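Quick notes on the structure that follows.
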Amino acid sequence: MLVLLPPSEGKANSGEGAPLKLGSLSLPGLTGAREAVLTELVALCCGDPDQNEKAREVLGLSEGLRGEVAKNAGLPAAGARPAGEIYTGVLYDALGLATLDAAARQRAAGSLLVFSGLWGAVRVTDRIPSYRCSMGVKLPGLGALAGHWRAPMAEVLPEAAGDGLVLDLRSSAYAAAWKPKGEVAGRTATVRVLHAPTRKVVSHFNKATKGRIVRSLLSEGVRPKDPAELVEALRDLGYEVEAEAPGKAGKAWSLDVLVEEIH
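In terms of the numbering used here, the sequence shown opens at residue 3 and continues consecutively.
What follows is the structure, given as structure tokens:
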């Protein structure tokens, strides 16, 4: 099972670990594309006040987040920590990687893949520094990052997906970087979390419920082989699920998880 996650906008501090080594990251087929983004991002964020203001605008940062420009400028020398410690926020709080038992953490290391505007995609055990660069950014040289990642992702991700279930929990911005196709799409399930009484998506509990779903699967050691088995597994774990199988080959399954309470 491969679980595709969005990153978090907010991130923990890098800490005092050894600096990033691009060649040590998982999915080495993405190394060249990673280096291109990192090089331009650092160059964009290193400069005089006018250059820093341009960087803030390109990255879509508010005045209060001006310090993130300096953080990006220092990425080559910044300490690195496991990505599972860097990413924070609602989904990751609910997932609670640090509080999983040893067996569940091992499952997480092998099955979770976090998408990123800067790194493309990383395992939660990959050591990265804290940064600020969303997939929606359009760099002056490389252009829109989703487009930059599309070709290398198409080469690397099908192999990473193997022959099992792909559980896609990404937001639309990150889903734009890689769309499963063909046989891989047929064993991919996308998930929405809906407030049952209104049947509307509410951002906070959408993220929290997705985090809980992943935690449940990891904690219980459930490894569904395809979307149909995932539906049954989630129902066995106590979730109310409505599933829509694709109408034709090469399309992903759509799952709605219904939640009564917003929390």
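Ideal Cβ placement from N, Cα and C applies to all residues, glycine included. If you're wondering where the values come from, they're calculated on a predicted model, not measured in any experiment.
### Three-way DSSP call (helix, strand, coil) for ARG125 in this model
Reduced to three states, the DSSP call for ARG125 is strand.
### Task
Can you give me the Cβ contacts of GLU157 inside the same chain, cut-off strictly under 7 angstroms, excluding the 5 residues immediately before and after it?
Cβ neighbours of GLU157 beyond the five flanking positions: GLY31.
### Query
Do three or more CB pairs link the region 47-57 to the region 117-127 at distances below 8 angstroms?
Too few Cβ pairs lie closer than 8 angstroms, so no.
#### Entry: Member of VAL139, ARG172, VAL216 whose CA lies at the smallest distance from the CA of GLY62
That would be VAL139, whose Cα lies nearest to the Cα of GLY62.
#### Entry: Simplified DSSP assignment, three categories, for TRP151
Under the three-state reduction of DSSP, TRP151 is assigned to helix.
### Task
Decide if the region 195-212 is in contact with the region 68-85; the criterion is three or more beta carbon pairs, one per stretch, under 8 angstroms apart.
Contact between the region 195-212 and the region 68-85 is absent, because fewer than three Cβ pairs lie under 8 angstroms.
#### Entry: SER205 classed as buried or exposed, judged by whether at least 16 other C-beta atoms fall within 10 angstroms
Exposed.
### Message
Does SER136 come out as helix, strand or coil in the three-state DSSP assignment?
### Response
Under the three-state reduction of DSSP output, SER136 falls in the coil class, being neither helix nor strand.
#### Entry: Residue span of the alpha helix (DSSP H) that contains ARG109, given as start and end
Counting along the chain, the alpha helix (DSSP H) containing ARG109 begins and ends at 104-113.
### Task
Given a cut-off of 8 angstroms, decide if ASP258 and ARG194 are closer than it, judged by their beta-carbon atoms.
The beta carbons of ARG194 and ASP258 sit closer together than 8 angstroms.
#### Entry: Beta-carbon proximity list for MET3, same chain, < 7 angstroms, skipping 5 on both sides
Here the set comprises SER113, GLY166, LEU167, LEU169, ARG225, PRO226.
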